[in-house]
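Enquirer:
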Amino acid sequence: MTKAEIITEISSKTGIEKVDVQETVEAFFKVVKSSMMGGENVYVRGFGSFVVKKRAKKTARNISKNTAIIIPEHFVPSFKPAKTFVDKVRTGNKITK
């Protein structure tokens, strides 16, 4: 499902104009991004947590040049679904293709 499909679905279920739903969805993503860029985690009860994880410094290998390179410590965004959300997905109906 794409963001456009999500916006259409929310609009049809709530009766709110697509433009207003799009602005709201975009604002939500903007808040989550800016919070995580500032090192702050975002918790949505019953859905999951958007957390910032720290990756330690490590040595990697450039296989084309056969040289070792150092990857400095850095932070990556991560999503951890809530237990109730995971349980609902496990027991939900699956679409087979």
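Numbering (the working numbering), first residue to last: 7 to 103.
Positions of the beta carbon are idealized from the N, C-alpha and C atoms, including for glycine.
Note that the structure is a prediction, hence the values are computed from the model and not measured.
1. Taking only the alpha-carbon atoms, compute the straight-line gap between G45 and V37 and give it to the nearest angstrom.
2. Among R61, V50, A10, T65, whose alpha-carbon lies nearest the alpha-carbon of E79?
3. Could you tell me whether the Cβ atoms of S55 and F85 are closer together than 9 Å?
4. From which residue to which residue does the alpha helix (DSSP H) around A33 run?
5. CB T97 to CB G52, shorter than 9 Å?
Expert: On the basis of the coordinates in this document:
1. 12 Å
2. R61
3. yes
4. 24-43
5. no
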